[in-house]
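Engineer:
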Ligand SMILES: Cc1cc2nc3c(=O)[nH]c(=O)nc-3n(C[C@H](O)[C@H](O)[C@H](O)COP(=O)(O)OP(=O)(O)OC[C@H]3O[C@@H](n4cnc5c(N)ncnc54)[C@H](O)[C@@H]3O)c2cc1C
């Protein structure tokens, strides 16, 4: 933790040395002592200290200085650090000026020179001032700050990226938090330039892209090796498991994700049915453990980096990324999972990121404190989202087309929901319209039996419906089922074009696609179980088939 500062200024080098010595002697364990003999240097350094998030506890200034007197200096310093205590070092002849300054700059104390012995004439006064300062002082957040409009899709995208990549950050809503405007003023940024990210060292990123932020935060978006044994595309539970097994079994392994590690599971507030965690664990916790484990085994992790195509050339596979870079590998595990279906409704489209969110319950829950929110979807993810949102929202209503949740949600979640007084389940109900100005304010709901419509107040709508595999980008001959899920293993034989694309003497391995050496694991695979444990199991299994494939090539 950074120490607060005692800032002293005196143009006389001997006096400065003496005060510096005495301050260090008494306060160096709890405060950083900064001393200067130049008013200009002091005035230049204060805004920089502020930008870096430093705190000044006390200014101690000589009164008689050539370019600016102490009272004027303290007046300037007060504009930048209004909460710091202010004390003046005065000669006997300047006591009048000091007394006037008590009103002018709300001077807290004046100390007559010389102050010997300091135990009697300096420390008791400063101890008093510093203890006063400490009692009002709330340490500022030292890490990364994100400032923006709550209902701005770009702010949401950045929040989602930071949370997904497990970067701690402080969110400051410009319309709600005076600290946000203070930060803009400090860095000379206008509201039209939001969102901004302010890093711990005071660097400001204005309207940054995910790539800019990733680069600044030291994520590694470029591969370091010319050839890998295994490239895993998608770092959800399946990809993470494949990475841990690939890395631990000595394969040169690279794991690539377009957003962050964790996938869907990373957005889960509480996974209660994963083996070995009787009290459940959050998706963020599972992700943190898994990515650390993979990296410990030497796996390279590239994110944010979106794969846009794969081409097979002989026994090598070339993976192209959206930024134009390429990875060459001998085998691939596709673990790109699924995304939620978008609601096909124009009136809701315009609020995406501005009140309408896909998944994202954990990232945005706090913004809906004390306000009503709606959920669309009846699966486990919707149930978990409802439980999480119910901690902050005034009311959570789950809209489902079926009459209840019994056929779509696990019983343990249905029981939790029944015991939560501010969650309501609205069966046979569809959301048909969104209303509002710049952000979502109301929803129109339709009763599917009576076709009756009603308008309800809704600050947020969280959508957890359907699953669409992330496979549109795959152009090569990889057989997919009619919904786009990747066919693997023995199931391939039932597709008419299998014989045209599979030209090997052996049958495809289990989890192998119709392109030899390319495997699929987790939710993206046709017939997957859509569970964390099964995705992890398939990721691990895929690696054992990768070994067999590599052995024959
Ligand atoms: C909110 C929520 C709660 C859940 N709770 C539970 C639970 O309690 N218990 C349970 O068993 N299951 C739960 N599930 C389901 C479980 O999370 C999924 O079954 C599991 O995450 C699937 O893992 P996966 O690795 O196959 O894919 P995903 O988790 O979907 O991960 C796929 C990854 O691939 C990346 N990707 C996609 N396309 C590309 C590309 N072109 N280039 C690079 N990267 C790409 C994505 O960014 C993503 O990170 C929950 C799901 C959700 C959404």
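In the working numbering, the protein residues as written are 1405 to 1957.
No residue lacks a Cβ here, since even glycine has one placed at the ideal position from N, Cα and C.
Note that the structure is predicted; figures quoted are calculated from it, not measured.
Checking 7 Å against the spacing of the C-beta atoms, do residue 1915 and residue 1925 come in under that value?
Structural biologist: Numbered from its first residue, the chain shown carries residue 1915 at position 511. Numbered from its first residue, the chain shown carries residue 1925 at position 521. Against a cut-off of 7 Å, the Cβ pair of residue 1925 and residue 1915 comes out as a contact.
Engineer: With distances taken from CA atoms, which of 1675, 1702, 1906 and 1653 is nearest residue 1628?
Structural biologist: Counting from one through the chain shown, the residue named residue 1628 turns up at place 224. Nearest to residue 1628 by C-alpha distance, out of 1675, 1702, 1906 and 1653, is 1702.
Engineer: Hey, out of 1912, 1865, 1562 and 1531, whose CA is closest to residue 1760's CA?
Structural biologist: Looking up residue 1760 in the chain shown gives position 356. Here the closest residue by C-alpha is 1865.
Engineer: Would you kindly work out how many angstroms separate the C-alpha atoms of residue 1535 and residue 1464, rounded to a whole number?
Structural biologist: Counted from its first residue, the chain shown places residue 1535 at position 131. Counted from its first residue, the chain shown places residue 1464 at position 60. About 15 Å.
Engineer: Spell out a yes or no on whether the stretch 1601-1608 and the stretch 1643-1661 are touching, meaning 3 or more CB-CB pairs, one atom from each, closer than 8 Å.
Structural biologist: no
Engineer: Do you know offhand how far residue 1890's Cα is from residue 1645's?
Structural biologist: On the chain shown, position 486 is the one that residue 1890 refers to. On the chain shown, position 241 is the one that residue 1645 refers to. When only Cα atoms are considered, residue 1890 and residue 1645 end up about 19 Å apart.
Engineer: Quick one: residues in its chain with C-beta nearer than 8 Å to the C-beta of residue 1913, no 5 flanking neighbours on either side, listed in chain order?
Structural biologist: Residue numbering aside, residue 1913 sits at position 509 when the chain shown is read from its first letter. Cβ neighbours of residue 1913 beyond the five flanking positions: 1893, 1923, 1949, 1952 and 1953.
Engineer: For the stretch 1529-1579, which segments carrying the alpha helix (DSSP H) assignment without a break, of at least 4 residues, lie completely within its bounds, in sequence order?
Structural biologist: 1557-1568
Engineer: Would you list, in sequence order, the uninterrupted beta strand (DSSP E) runs of no fewer than 3 residues that lie entirely inside the stretch 1607-1688?
Structural biologist: Listed in chain order, they are 1608-1610, 1632-1637 and 1657-1660.
Engineer: Please find out if some non-hydrogen atom of ligand 1 comes closer than 6 Å to the beta-carbon of residue 1795.
Structural biologist: Looking up residue 1795 in the chain shown gives position 391. For ligand 1, not one heavy atom lies less than 6 Å from the Cβ of residue 1795.
Engineer: To test your reading of the DSSP string, which unbroken alpha helix (DSSP H) runs of 4 or more residues are found completely within the stretch 1696-1783?
Structural biologist: 1750-1753 and 1765-1768
Engineer: Go to residue 1847, then tell me how far its beta strand (DSSP E) extends in each direction, as first and last residue.
Structural biologist: Counting from one through the chain shown, the residue named residue 1847 turns up at place 443. Residues 1844-1851.
Engineer: Per DSSP, residue 1464 forms a beta bridge with which residues?
Structural biologist: For the purposes of this step, residue 1464 is taken as the residue at position 60 of the chain shown. DSSP output for residue 1464 lists 1412 and 1491 as bridge partner(s).
Engineer: Any idea what DSSP makes of residue 1523, helix, strand or coil?
Structural biologist: In the chain shown, residue 1523 corresponds to position 119, counting from 1. DSSP places residue 1523 in helix when its eight states are reduced to three.
Engineer: Once you ignore the five residues that flank residue 1793 on each side, which residues in its own chain have a CB closer than 6 Å to its CB?
Structural biologist: Residue numbering aside, residue 1793 sits at position 389 when the chain shown is read from its first letter. When the five nearest sequence neighbours on each side are left out, the beta carbons in the same chain lying within less than 6 Å of the beta carbon of residue 1793 are those of 1765, 1769, 1777 and 1800, in order along the chain.
Engineer: Can you check DSSP and say which residues form a bridge with residue 1923?
Structural biologist: Numbered from its first residue, the chain shown carries residue 1923 at position 519. Answer by DSSP bridge pairing, in chain order: 1737 and 1916.
Engineer: So, is residue 1853 buried or exposed, given that buried needs 16 or more other C-beta atoms within 10 angstroms?
Structural biologist: Against the chain shown, residue 1853 aligns to sequence position 449. Classification of residue 1853: exposed, given that the 10 Å Cβ count is below 16.
Engineer: Within the present structure, is the beta-carbon of residue 1708 separated from the nearest heavy atom of ligand 1 by less than 6 Å?
Structural biologist: Here residue 1708 refers to the residue found at position 304 of the chain shown. No - ligand 1 has no heavy atom lying nearer than 6 Å to the Cβ of residue 1708.
Engineer: Let me know the beta strand (DSSP E) ranges lying completely inside the stretch 1871-1950, each 3 residues or longer, listed in chain order.
Structural biologist: 1871-1873 and 1922-1924
Engineer: Where do the N-terminal and C-terminal ends of the alpha helix (DSSP H) with residue 1603 fall, by residue?
Structural biologist: The residue you call residue 1603 lines up with position 199 of the chain shown. First-last for residue 1603: undefined, no H or E at that position.
Engineer: Do residue 1616 and residue 1623 come within 7 Å of each other at the CB atom, strictly closer than that value?
Structural biologist: In the chain shown, residue 1623 corresponds to position 219, counting from 1. In the chain shown, residue 1616 corresponds to position 212, counting from 1. Against a cut-off of 7 Å, the Cβ pair of residue 1616 and residue 1623 comes out as no contact.
Engineer: Could you pull out every residue in the same chain whose Cβ sits closer than 6 Å to the Cβ of residue 1857, ignoring the five residues on either side in sequence?
Structural biologist: Here residue 1857 corresponds to residue number 453 of the chain shown, with the count starting at 1. The answer, listed in chain order, is 1848 and 1850.
Engineer: Once you ignore the five residues that flank residue 1460 on each side, which residues in its own chain have a CB closer than 6 Å to its CB?
Structural biologist: One-based indexing of the chain shown puts residue 1460 at position 56. Hits under 6 Å: 1409, 1411, 1485 and 1488.
Engineer: Per DSSP, residue 1834 forms a beta bridge with which residues?
Structural biologist: One-based indexing of the chain shown puts residue 1834 at position 430. Paired residue(s): 1850.
Engineer: Within the same chain, show all residues whose beta-carbon is closer than 7 Å to that of residue 1675, passing over the 5 residues directly before and after it, in chain order.
Structural biologist: Indexing the chain shown from 1 puts residue 1675 at position 271. Correct list, in chain order: 1669, 1684, 1685, 1687, 1690 and 1936.
Engineer: If we cut at 7 Å on Cβ distances, does residue 1554 have a partner in chain E?
Structural biologist: Reference to chain E is not applicable here, since this structure consists of a single protein chain.
Engineer: Taking DSSP as the reference, what is the three-state secondary structure of residue 1867?
Structural biologist: Within the chain shown, the letter at position 463 stands for residue 1867. Secondary structure of residue 1867 (DSSP, three-state): strand.
Engineer: Go through its chain and collect everything with a Cβ distance to residue 1649's Cβ below 6 Å, but skip five positions before and after it.
Structural biologist: To locate residue 1649, count along the chain shown from 1; it is residue 245. Excluding residues within five positions, the ones whose Cβ falls inside 6 Å are 1944 and 1947.
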